[in-house]
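All remarks here apply to the structure that follows.
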Amino acid sequence: MELDLGCGKGGLTAAMSRAFPDRFILAADIMLGRMRKVKKKTDRIENHNVCCLRTEARFLLGLCLPDQCVDRIHILCPDPWPKDRHRGHRLLCADFMMQINRVLKEGGIFHFATDDPDYMQTVTTLVKTSGLFETAGPEAIADISGEEFRTEFERDWLAQGKSVPHVAWRALKPVFTGAH
Numbered sequence: 604m605e606l607d608l609g610c611g612k613g614g615l616t617a618a619m620s621r622a623f624p625d626r627f628i629l630a631a632d633i634m635l636g637r638m639r640k641v642k643k644k645t646d647r648i649e650n651h652n653v654c655c656l657r658t659e660a661r662f663l664l665g666l667c668l669p670d671q672c673v674d675r676i677h678i679l680c681p682d683p684w685p686k687d688r689h690r691g692h693r694l695l696c697a698d699f700m701m702q703i704n705r706v707l708k709e710g711g712i713f714h715f716a717t718d719d720p721d722y723m724q725t726v727t728t729l730v731k732t733s734g735l736f737e738t739a740g741p742e743a744i745a746d747i748s749g750e751e752f753r754t755e756f757e758r759d760w761l762a763q764g765k766s767v768p769h770v771a772w773r774a775l776k777p778v779f780t781g782a783h
C-alpha cells in the first residue's frame with residue numbers, strides 16, 4: 604500500500620494509479636474540496652486501486668492504520684507554517700515520526716519533499732535524531748521521479764524558479780507505541 608498523506612489535488616495519486624494499477628493507493632487529506640478533486644481524477648482512470656479518505660493525518664496514523672501496513676508514505680509539499688508563532692501546527696514532529704515508523708513495514712519508505720529549506724532542515728534533523736530511519740537514496744523513489752508524478756504545488760513552485768528537493772528514508776525496526 605502507498606499512502607499519499609496530504610494528497611492535495613491528487614496529482615501524485617492519479618499518476619501512481621495510472622502507472623501502477625497493481626498497487627493499492629490510499630489518498631488522504633483533511634480538505635473536503637481537495638478530496639472531491641482527487642476522487643474525480645481517480646474515478647476517470649478506472650483502475651479501482653485508490654481509496655480516498657478525508658481525515659486528519661495524526662488521527663489516521665495514530666489511531667486508524669494498523670502496525671506495518673504501508674510500503675511507502677509520501678508527504679509532499681506540506682504546509683511549512685513558516686512563521687515562528689505557527690511552528691506548532693507543523694505536521695512533522697518527533698511524535699509523528701514514531702507514527703510514520705509504526706505504520707511503515709520494516710524497510711518501508713518515507714518520501715518527503717518541500718520548497719521550504721528551513722522545513723527540509725527541520726525534518727531531516729527530526730528523522731536523524733529519531734533513530735527510526737536510515738537514508739534510502741533516490742532509487743527508493745526512482746519509479747515516481749518523472750514529471751507526471753509532480754504535485755500541483757510542486758509544479759507551481761518549480762515554475763516560480765524554486766527548488767523542491769525530494770528525500771527518502773527507509774524505516775528501521777518499527778517502534779510500537781501502544782496505539783494498537
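Residue numbers (this note's numbering): 604 to 783.
Beta carbons: idealized from backbone N, C-alpha and C, even for Gly.
If you're wondering where the values come from, they're calculated on a predicted model, not measured in any experiment.
So is ALA745 buried or exposed if we call it buried at 16+ other beta carbons inside 10 Å?
-> exposed
Name the residue from PHE623, ARG675, ASN704, PRO768 whose alpha carbon lies nearest to the alpha carbon of LEU735.
-> ASN704
What does LEU629 pair with, by DSSP beta-bridge criteria?
-> LEU606, CYS654
Report buried or exposed for LYS765, applying the criterion of at least 16 other Cβ atoms within 10 angstroms of its Cβ.
-> exposed
Rank ARG753, ALA630, THR616, CYS672 by C-alpha distance to the C-alpha of GLY711 and give the top, closest one.
-> CYS672
Taking C-alpha atoms, which residue in GLU751, VAL730, ASP632 lies nearest to ALA774?
-> VAL730
Extent of the continuous alpha helix (DSSP H) run through LYS731 | 720 to 733
From the DSSP output, in three-state form, read off GLY665 for me.
-> helix
Would you tell me roughly how many angstroms separate the C-alpha atoms of LYS644 and ALA739, rounded to the nearest one?
-> 30 Å
Taking C-beta to C-beta, are GLY665 and VAL641 nearer than 8 Å?
-> no
Could you give the distance in angstroms between the alpha-carbon of ARG661 and the alpha-carbon of ASN650?
-> 28 Å
Please confirm whether HIS677 and GLU605 have their CB atoms less than 8 Å apart.
-> yes
What are the partner residues of PHE715, as DSSP defines its beta bridges?
-> ILE678, VAL770
What first and last residue would you give for the alpha helix (DSSP H) that runs through GLU757?
-> 755 to 762
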